[in-house]
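Notes for the one structure printed next.
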Amino acid sequence: AQKITQTQPGMFVQEKEAVTLDCTYDTSDPSYGLFWYKQPSSGEMIFLIYQGSYDQQNATEGRYSLNFQKARKSANLVISASQLGDSAMYFCAMREAYNTDKLIFGTGTRLQVFP
Amino acid sequence: DTGVSQDPRHKITKRGQNVTFRCDPISEHNRLYWYRQTLGQGPEFLTYFQNEAQLEKSRLLSDRFSAERPKGSFSTLEIQRTEQGDSAMYLCASSLAPTGNMNTEAFFGQGTRLTVV
């Protein structure tokens, strides 16, 4: 069965520093997609970054980058130059290609950025 | 159209009552999803539609739950005879069906928070 594991319930980082949020996944399908979403206290899930299983390079979107290590089945999110507005819950999610369209989410990591 | 909208944002109901939530997706999106999120957990998939067809339902979707998307645009999620365990955030998302490219992210609404007392 597919599974996403986020082992960090909470993380603290000082403003302007970089932080890494961990995510490991389990799937038997060779084709899949990995996503990171941010959920502020308002409740909506905000898409941050995507990595396909066949992508040769790590995905980057502004201050967000994804450290994709396929052999280790990990897809860690790196946030550079943290801002106070980055304080939120962060969820890693996976979608398997061609089998189903649903997203499977981890339990999330609460990130708190302090001045 | 600025995004996925859900109504109401909050709902408090007594146990045993029926409730209905509405989701309006991004207008050109043909796929619509419902998820449920309980406290301290990530969202869990409930069901999804492509246009008006309901293509997949989770085993979490008991017979008290029903979802519709009658004209392939907005969707409703109804819970009959609510129980305290139904208290959760109900999230709706929409996307375009991929055409050979998996990079089609889902856009989420702000959710409906249900409290059953």
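Chains E and P, in that order, give the protein sequences. With this note's numbering, letter number 77 in the first sequence gets 77, and the count goes up by one each step, no holes. With this note's numbering, letter number 102 in the second sequence gets 1102, and the count goes up by one each step, no holes. Note that the Cβ used here is the ideal one computed from N, Cα and C, for glycine as well. All figures in this text were calculated on a predicted structure; none of them were measured in a lab.
| request: Please classify L77(E): does DSSP put it in a helix, a strand, or coil? | output: strand
| request: For chain E, find out if any of its Cβ atoms is closer than 8 angstroms to the Cβ of L1091(P); answer yes or no. | output: yes
| request: Decide if Q1037(P) is buried, meaning its Cβ has at least 16 other Cβ atoms within 10 Å, or exposed. | output: buried
| CB-CB under 8 angstroms to S1058(P), same chain, minus the five flanking residues each way: which ones, in chain order? | E1044, F1045, L1046, T1047
| Does the Cβ-Cβ distance between L21(E) and L84(E) come in under 8 angstroms? | no
| request: Take the Cβ of N76(E) as the centre, count every other Cβ of all protein chains shown within 10 Å, and call the residue buried at 16 or more, exposed below. | output: buried
| Terminal residues of the continuous beta strand (DSSP E) containing I111(E)? | The question names Ile, but residue 111(E) in the sequence shown is Leu. From DSSP, the beta strand (DSSP E) with L111(E) extends over 109-114.
| message | With distance defined between alpha-carbon atoms, name the residue in A1093(P), G1111(P), F1107(P), E1083(P) nearest to T1013(P). | response | E1083(P)
| message | I'd like the list of long-range same chain contacts for M1089(P), defined as Cβ closer than 6 angstroms, with 5 residues on each side in sequence excluded. | response | Q1037, G1111, R1113
| task | Please name the residue, chosen from C1023(P), T1115(P), I1079(P), that lies closest to F1049(P) on a Cα-to-Cα basis. | result | C1023(P)
| field | 7 angstroms CB neighbourhood of S1073(P) in its chain, flanking five on each side removed | value | none
| message | Measuring CB atoms only, is the stretch 8-26 of chain E touching the stretch 78-92 of chain E, in the sense that at least three cross pairs come out at less than 8 angstroms? | response | yes
| task | Closer than 8 angstroms by beta-carbon distance: list the chain E residues that pair up with F1021(P), in chain order. | result | Within chain E, no residue comes near F1021(P); the closest Cβ sits about 13 angstroms away, beyond 8 angstroms.
| query | Given that E154(E) touches chain P, what residues does it touch there, using C-beta distances under 7 angstroms? | reply | Residue 154(E) is absent from the structure shown; chain E starts at 1 and stops at 115.
| said: Cβ closer than 7 angstroms: which chain E residues qualify as neighbours of R1081(P)? | reply: Chain E residues near R1081(P): none, gap ~26 angstroms exceeds 7 angstroms.
| request: Using only alpha-carbon positions, find the residue among G106(E), M94(E), D55(E) that is nearest to S28(E). | output: M94(E)
| field | Beta-carbon neighbours of K102(E), restricted to chain P and to distances below 8 angstroms | value | Y1033, F1045, Y1048, E1056, S1058
| To which residues of the same chain is P115(E) closer than 8 angstroms at the C-beta, ignoring the five residues directly before and after it? | Q14, E15, L84
| task | Pull out every residue of the stretch 33-66 of chain E whose Cβ sits closer than 8 angstroms to any Cβ of chain P, in chain order. | result | G33, F35, Y37, S42, G43, E44, M45, I46, F47, Y50, G52
| query | DSSP three-state call for L84(E): helix, strand or coil? | reply | helix
| task | Scan the stretch 71-86 of chain E for residues whose Cβ lies nearer than 7 angstroms to a Cβ of chain P and list them as they occur along the chain. | result | none
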